[in-house]
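Visitor: Before anything else, here's the structure in question.
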Amino acid sequence: MPHSLSTPDVTTPGGLLLVLAVLVPFVGVLAGMVLGGRGARRVALATLAAGLAIAIAIADTLVRSGAAVVYLLGGWTPPLGVALRADGLAVIMLLAVAVVIGGIGVYARADFGTPPGVREARAPFVFWTLLLAVWGSLNLVFVSGDLFTLYVALELLTFAGVPLVSLGGQPETLRSALRYLLYALFGSVLYLLGAVLLYGAYGTLDIGLLAARVHPEPVTWAAAALMTVGLLAKTALFPLHLWLPPAHAGAPAAASAVLSGLVIKGSWFLAVRLWLDVFVGVVTLPSAQTLAALGAAAILVGNIVALRQARLKLLIAYSTVAQIGYLFLMFPLAAGLAAAQLDDAAAVNGGLLQAISHATAKAAMFMAAGLVYTTLGHDRIADLRGVARALPMTLVAFALGGASLIGLPPSGGFLAKWLLVSAAITTAQWWWALVMLVGGLLTSAYVFIVVVRALAPAPEGWTPKASVPCYQQVAVLALALCSFLLGLAVLCPVDVAGIGRAVVPGIGSP
Amino acid sequence: MTIPDFLLAAAVFVLATVALGLVRILRGPEDADRMMATQLFGTGGIAALLLLGVATEARAVLDVALTLALLAAFASVAFVRSASSSEGDDPKETNSP
Amino acid sequence: MNTPTLFGLCAVALVGVGLYGLIVNPQPLRKILAFNLIGSGVFLLFGAIARRGAAVGMGGDPVPQALLITGIVVAFSATALAVALVLRLFDEAGSVTLAPDAPAEPPDA
Amino acid sequence: MTLALAVDISLTLLVLAVAGWIIAVRDTFAAMIGFVAYGLLLALVWVRLAAPDVALTEAAIGGGLTGALLIGAAARLRGTEAAARAEYPGALTRTLAAVLAVTVAAALAIGVLALPDPTPTLAPAAAANLATTGVGNPVTAVLLAFRAMDTLLEAIVVLLALLGVWSLAPDRAWGGCPGPRRLVDPDGVLAWLARLLPPIGIVVGLYIFWIGADLPGGKFQGATILAAMWLLVIWAGLADTPPISRTWLRVLLVAGPLVFIVIGFAGSITAGAVLAYPEGHAKPLIVAIEIALMPTLVLTLALLVAGAPQRIPPQ
Amino acid sequence: MSLVLDIFTIVAVSAGAFFFLAGTVGLLRFPDTLTRLHALTKADNLGLGLVVMGLLPQAEWPFDSIKLIAIWLFALLAGATVGQLMARAARREQTTP
């Protein structure tokens, strides 16, 4: 049965935590700007800890109350005011991002220190402030209940993400950053256009109210199409993916992890939110099939191109293109389940798990590649000899992350794909299961190649170019383990993702 | 014809007239010509705005015109500045020491 | 034909014009300009919708009007960032072409 | 009201003509000049749409700051024109783009014509709650009370954009002054204008800011005017951009959003919700937030135009 | 009295509109940049000035009237300075083609 958000009327206990989840990272940005240099890093690391605590507290509140956490800003009720709202989906994303960003923060301590003798250096200052900015923006995307606030959130995410791409300052990364910015701005303007049409037709921007008011008519279809295309451009779904690989591969490793693991999930999450909660009675199964077809094409194209890469970071970036494809397979599956009057939890949870396991695995893999680069001085896949000896922990982490991408048990990727495949079979859409199978085989091929090359013994007398601190390797391994053990979430007694998503009558009924 | 009607008509006339001058933006040939056309267009636009505002008794229009008048000068200065700096041989401007 | 509808149609035409420019103009600055045109079309549509919502003595619905101010400032920030990026690219590469000339390679890990 | 319609129709035609020309013209610099005229036309349109607050914003930002920014950039990129023209796509791409653009515009036009009548509006709701905010301008009430979160986030957006612009500095210039140094003839016309205009401009900017609580106007519009005046002084060589490592600059840049957040959280104690104001104190608090945001916005908007730091910081 | 003022408005605004027309014609017909500039600065200042004068009787005293005059003064100031700057730029373009 399809789900819809319940309309919020009151602030729930613990709602203030949502405000904190959004504003604490931004306060960190402001404080980092004033303190500058080493202060910015200290502030960032402290904020990471505080933010993780806030995310856990929100999850606790949600599970205890069994209902969505809501906060009415300024006490004003929508449609005049703006509400923050966190259901199970949002809370799981909040938690996952807090964990991944924590791991990245620990890893980046070594790469983004202010050099001695300088009060403040460009790259560290920009990285630490923008890391917090990315985080605040993502939290806002997850908890905001208002389409215009979400537009601002998307822009915040873009402005925080673009400088991370061009952090290196070489012409090629600047070019990637510019391309990324143009795609992203184009995406946001389309999204805004859709939101404007919805306001014109229904007089509100609140997601909950819109869900109750929209009905299938040309304006709604136009709005849905515009917003979806805009978000796809920002998420880099095939064929709008061209900006992604150079942008993600050209950034410093920690920034790549942020961009590839987290930033693209913001616009994806918003697309899910719109399709599952707002346009549920408006979008048709064929349109969902189109999205999934693009996803399938992304899986095949992304994986095949990844196989042909000579550089490790580009391989990982193209693998992101493929993994984004999986994220869009859930749409027709959820719609199919809903149409058959079945619980769409399998498809939704599958998509959500895929997002989280990819976030953790991809962050770990990019950071592993960064360590490989530091150690070898290059990241040519053909010449990875010695990595196993110099960086055993990192290689294990890479393999675990790869296993999650492939979908080996008990990884999060396995559970995600298993849920999606079973949903595909339940709804008699077996071809999506086939795509996932082929995608898994291709993924295993390139993960295998990298691991085998890295296991090759180093030549006599070879020494690493530089040694990496142990805590960096631990951070990478920890994230990879998170991804690998995420499949154990199946043991979780409550369907957390379903909390706060009230059951409403199916498609077609008023 | 009442005064507001007359003012509206005058607004249309002024707007249409200065818009004709925009052809100069099309033709150039110098950037200065283009900027001049914009300058005339700006002044005419302010005049049309004032006529519109007084005709419809929208007093806030005066503030809009005030802002436009101030910033029209600003945009033109930006133009002149870049027109001279783009030649690259202006000794009065130096880059980083 | 009343004022809001007229400007609403003008707005969608602007979106179309901007979209065309965004696709065909290879120069990044022109793309930024086209993006601004699309943006102004979207804003204008919102303004027309606000005007349609005139009620209780207000000339228009104040909520969209307030959001428009926010939108215009955000669009300006986006333009400033994009322009700065183009100028830096020009300083570094001597050209501003967006086409990747060589197969994209990560210059740095 | 046929005359009013004549105004609207001529405005529409002009807007479309200028927009089309901006896209079609070959010379980028000329397109930028066209954009300044376009901003002015839009300000007129906003007046016709009974949105004086937006008209003010458009007049200040669209024609003024954005125009200056783009004209400056186009002038620097003059040399790349020929290369860009070589990349101009062929007839097929252009036809496809035109078809796409027309399709999208037509679909949207159908949507616009199908908008419901009477339109749903929040004007009555805003009017009913206006009194509790204490301000007279409903747009200001939306910006700083009903949807204060958006305004807070927007102040942060602008700041992030500035961080992004700064991040484009060369490593050695980090902490230095944005933009190239200007040594302009102190007796020249520009310097004369930069001495004469800013005092008046500051008065106008503060006036627009101050009336914003009750009449069209407000902090963004006022701040833009002040930022323009500061840039004028900088361009005339009478002052220099501050090095971005200065503590006072950093403090002023974050002061606005920080005060906003502090007052917002204070609301959760005194008024029961974040970004709420205790009864009877709404107006002074709103004005306090606006005053705190003012210097932040002036500096941020001006520095966004000034660009990335380019000069090695003074020791 | 009101009639006299209204007639004054009509006459002044019409005259202003005429000057805008003259400025446009000059911009389009005059042969080179400098003469165009010369004609233009006079036309738009006079045009706006006359429009402002014509609107004064219709505006509320004193605040709006002061604003109207201020708008004209800004436009004058901007026109004069920018005209100067542009003339210099145009001259330089001519001497160093």
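Chains as they are written, first to last, in numbering that gives the first Met the number 0: chain L, 0 to 509; chain R, 0 to 96; chain S, 0 to 108; chain B, 0 to 314; chain D, 0 to 96.
The beta carbon of each residue, even a glycine, is placed where N, CA and C say it ideally should be.
Have a look at L:345, L:238 and L:71 and flag the residue whose alpha-carbon is nearest the alpha-carbon of residue 317 of chain L.
Guide: The residue given as residue 317 of chain L occupies position 318 in the first sequence. Selected option, being the one with the closest Cα: L:238.
Visitor: Between the alpha carbons of residue 53 of chain S and residue 177 of chain B, how many angstroms are there, rounded?
Guide: Numbered from its first residue, the third sequence carries residue 53 of chain S at position 54. Numbered from its first residue, the fourth sequence carries residue 177 of chain B at position 178. Going by the C-alpha atoms only, they are around 45 Å apart.
Visitor: In angstroms, rounded to a whole number, what distance separates the CA positions of residue 330 of chain L and residue 348 of chain L?
Guide: Looking up residue 330 of chain L in the first sequence gives position 331. Looking up residue 348 of chain L in the first sequence gives position 349. Cα to Cα, the separation comes out at about 12 Å.
Visitor: Applying the 10 Å Cβ sphere with the 16-neighbour rule, what's the burial state of residue 481 of chain L?
Guide: Residue mapping note: residue 481 of chain L aligns to position 482 of the first sequence, counting from 1. Buried, since its Cβ has 16 or more Cβ neighbours within 10 Å.
Visitor: In angstroms with no decimal places, state the Cα-to-Cα distance between residue 24 of chain R and residue 50 of chain D.
Guide: Numbered from its first residue, the second sequence carries residue 24 of chain R at position 25. Numbered from its first residue, the fifth sequence carries residue 50 of chain D at position 51. Going from the Cα of residue 24 of chain R to the Cα of residue 50 of chain D covers about 25 Å.
Visitor: Thinking residue 71 of chain S and residue 42 of chain S are a contact (beta carbons under 8 Å), I'd like their distance in whole angstroms, please.
Guide: As a position in the third sequence, residue 71 of chain S is number 72, starting the count at 1. As a position in the third sequence, residue 42 of chain S is number 43, starting the count at 1. Correct: roughly 7 Å between the Cβ atoms.
Visitor: Return the bridge partner residues of residue 33 of chain R from the DSSP annotation.
Guide: Counting from one through the second sequence, the residue named residue 33 of chain R turns up at place 34. According to DSSP, which records beta bridges pairwise, residue 33 of chain R is partnered with nothing at all.
Visitor: Can you have a look at residue 48 of chain L and say buried or exposed, based on whether 16 or more other CB atoms are within 10 angstroms of its CB?
Guide: Position 49 of the first sequence holds residue 48 of chain L. Residue 48 of chain L is exposed by the Cβ-count criterion.
Visitor: Hey, how far is the Cα of residue 0 of chain L from the Cα of residue 103 of chain L?
Guide: Locating residue 0 of chain L in the first sequence gives position 1, counting from the first residue. Locating residue 103 of chain L in the first sequence gives position 104, counting from the first residue. Below a pLDDT of 50, predicted positions are generally treated as unreliable, and residue 0 of chain L, at 34, falls in that range; no measurement from the model is reported.
Visitor: Residue range of the alpha helix (DSSP H) that residue 510 of chain L falls in?
Guide: Missing from the structure shown is residue 510 of chain L; chain L here goes from 0 to 509 and no further.
Visitor: What residue range does the alpha helix (DSSP H) around residue 235 of chain B cover?
Guide: Here residue 235 of chain B refers to the residue found at position 236 of the fourth sequence. Where residue 235 of chain B is concerned, there is no enclosing alpha helix (DSSP H), given that its DSSP letter is neither H nor E.
Visitor: If you measure from the beta carbon of residue 188 of chain B to each beta carbon in chain D, is any gap under 7 Å?
Guide: Along the fourth sequence, read from residue 1 onward, the residue named residue 188 of chain B stands at position 189. It does; some Cβ of chain D falls within 7 Å.
Visitor: Three-state secondary structure (DSSP) at residue 54 of chain S?
Guide: The residue you call residue 54 of chain S lines up with position 55 of the third sequence. Residue state, collapsed to three classes: strand.
Visitor: Taking the alpha-carbon positions, what's the residue 167 of chain B to residue 75 of chain R distance?
Guide: What you label residue 167 of chain B is simply residue 168 of the fourth sequence in a count that begins at 1. What you label residue 75 of chain R is simply residue 76 of the second sequence in a count that begins at 1. Their Cα atoms are separated by approximately 27 Å.
Visitor: In this structure, does DSSP put residue 177 of chain B in helix, strand or coil?
Guide: Position 178 of the fourth sequence, counted from the start, is the residue given in the question as residue 177 of chain B. The answer is strand: DSSP assigns residue 177 of chain B an E or B state.
Visitor: Would residue 255 of chain B pass as a contact of residue 223 of chain B if the rule is Cβ separation under 7 Å?
Guide: Looking up residue 255 of chain B in the fourth sequence gives position 256. Looking up residue 223 of chain B in the fourth sequence gives position 224. For residue 255 of chain B and residue 223 of chain B, no; Cβs fall outside 7 Å.
Visitor: Assuming residue 250 of chain L is part of the beta strand (DSSP E), what are its boundary residues?
Guide: One-based indexing of the first sequence puts residue 250 of chain L at position 251. It is not in any beta strand (DSSP E) - residue 250 of chain L carries neither H nor E in the DSSP assignment.
Visitor: Going by C-alpha distance, which of L:56, L:288, L:187 and L:166 is nearest residue 510 of chain L?
Guide: Shown here, chain L extends from 0 to 509; a query on residue 510 of chain L therefore has no answer.
Visitor: For residue 510 of chain L, decide whether its Cβ has a neighbour in chain B, counting only Cβ atoms nearer than 7 Å.
Guide: Outside the shown range of chain L, which is 0 to 509, sits residue 510 of chain L, and nothing can be said about it.
Visitor: Would you identify the three-state DSSP class for residue 205 of chain L, choosing helix, strand or coil?
Guide: Position 206 of the first sequence, counted from the start, is the residue given in the question as residue 205 of chain L. Residue 205 of chain L falls in the strand class under three-state DSSP.
Visitor: Residue 28 of chain D: buried (16+ other C-beta within 10 angstroms of its C-beta) or exposed?
Guide: Translated into the one-based positions of the fifth sequence, residue 28 of chain D becomes position 29. The residue in question, residue 28 of chain D, is exposed, as its Cβ has fewer than 16 Cβ neighbours within 10 Å.
Visitor: Can you tell me where the beta strand (DSSP E) holding residue 68 of chain L begins and where it ends?
Guide: Position 69 of the first sequence, counted from the first residue, corresponds to residue 68 of chain L. Note, residue 68 of chain L: beta strand (DSSP E), 68-71.
Visitor: Give the list of continuous beta strand (DSSP E) stretches no shorter than 3 residues that lie fully inside the segment 219-269 of chain B.
Guide: Whole beta strand (DSSP E) segments, 3+ residues: zero.
Visitor: Between which two residues does the alpha helix (DSSP H) harbouring residue 223 of chain L extend?
Guide: On the first sequence, position 224 is the one that residue 223 of chain L refers to. Looking at the DSSP string, the run of the alpha helix (DSSP H) that includes residue 223 of chain L is 217-234.
Visitor: Taking any Cβ of chain S, which residues in the segment 72-99 of chain B have a Cβ under 9 Å from it, in chain order?
Guide: Under the 9 Å Cβ criterion, the segment 72-99 of chain B contributes 72, 73, 75, 76, 78, 79, 80, 82, 83, 84, 85, 86, 87, 88, 92, 93, 95, 96, 97 and 99.
Visitor: For residue 340 of chain L, is the classification buried or exposed, using 16 other Cβ atoms within 10 angstroms of its Cβ as the cut-off for buried?
Guide: Taking the first residue of the first sequence as 1, we reach residue 340 of chain L at position 341. Exposed: under 16 other Cβ atoms inside 10 Å.
Visitor: Could you tell me whether the Cβ atoms of residue 299 of chain B and residue 161 of chain B are closer together than 7 Å?
Guide: Counting from one through the fourth sequence, the residue named residue 299 of chain B turns up at place 300. Counting from one through the fourth sequence, the residue named residue 161 of chain B turns up at place 162. Their beta carbons are under 7 Å apart, which means residue 299 of chain B touches residue 161 of chain B by this criterion.
Visitor: Quick check on the DSSP output: what are the complete alpha helix (DSSP H) runs of length 4 or more inside the segment 42-80 of chain B, in order along the chain?
Guide: As far as the segment 42-80 of chain B is concerned, its whole alpha helix (DSSP H) runs of at least 4 residues are 51-56 and 65-75.
Visitor: Closer than 7 Å by beta-carbon distance: list the chain R residues that pair up with residue 28 of chain B, in chain order.
Guide: Residue numbering aside, residue 28 of chain B sits at position 29 when the fourth sequence is read from its first letter. Under the 7 Å cutoff, chain R gives 30.
Visitor: Taking the DSSP output, what are the residues bridged to residue 83 of chain L?
Guide: As a first step, residue 83 of chain L is located in the first sequence; it is residue number 84 there, counting from the start. DSSP, once it has assigned bridges, lists L:70 and L:143 as partnering residue 83 of chain L.
Visitor: Is there at least one Cβ from chain S nearer than 7 Å to residue 153 of chain B's Cβ?
Guide: Within the fourth sequence, the letter at position 154 stands for residue 153 of chain B. True, the Cβ-Cβ gap to chain S drops below 7 Å.
Visitor: Determine, using beta carbons only, whether residue 398 of chain L and residue 463 of chain L come nearer to each other than 7 Å.
Guide: Numbered from 1 along the first sequence, position 399 holds the residue referred to as residue 398 of chain L. Numbered from 1 along the first sequence, position 464 holds the residue referred to as residue 463 of chain L. Taking 7 Å as the Cβ cut-off, residue 398 of chain L and residue 463 of chain L do not qualify as a contacting pair.
Visitor: Give the DSSP bridge partners of residue 308 of chain B, in chain order.
Guide: Here residue 308 of chain B is taken as the residue at index 309 of the fourth sequence, counted from 1. Beta-bridge pairing links residue 308 of chain B to B:177.
Visitor: Can you pull the chain S residues whose beta carbon is under 8 Å from the beta carbon of residue 134 of chain B, in chain order?
Guide: What you label residue 134 of chain B is simply residue 135 of the fourth sequence in a count that begins at 1. The premise fails here: residue 134 of chain B is roughly 11 Å from chain S at the closest Cβ pair, so nothing lies under 8 Å.
Visitor: To which residues of the same chain is residue 40 of chain B closer than 8 Å at the C-beta, ignoring the five residues directly before and after it?
Guide: Start at 1 with the first residue of the fourth sequence, and residue 40 of chain B comes out as number 41. Closer than 8 Å at the Cβ level, and outside the excluded window around residue 40 of chain B, lie 10, 13, 14 and 17.
Visitor: On a CA-only basis, which of L:485, L:320, L:96 and L:342 is nearest residue 51 of chain L? Give me that one, please.
Guide: Within the first sequence, numbered from 1, the residue matching residue 51 of chain L stands at position 52. Considering only alpha carbons, the answer is L:96.
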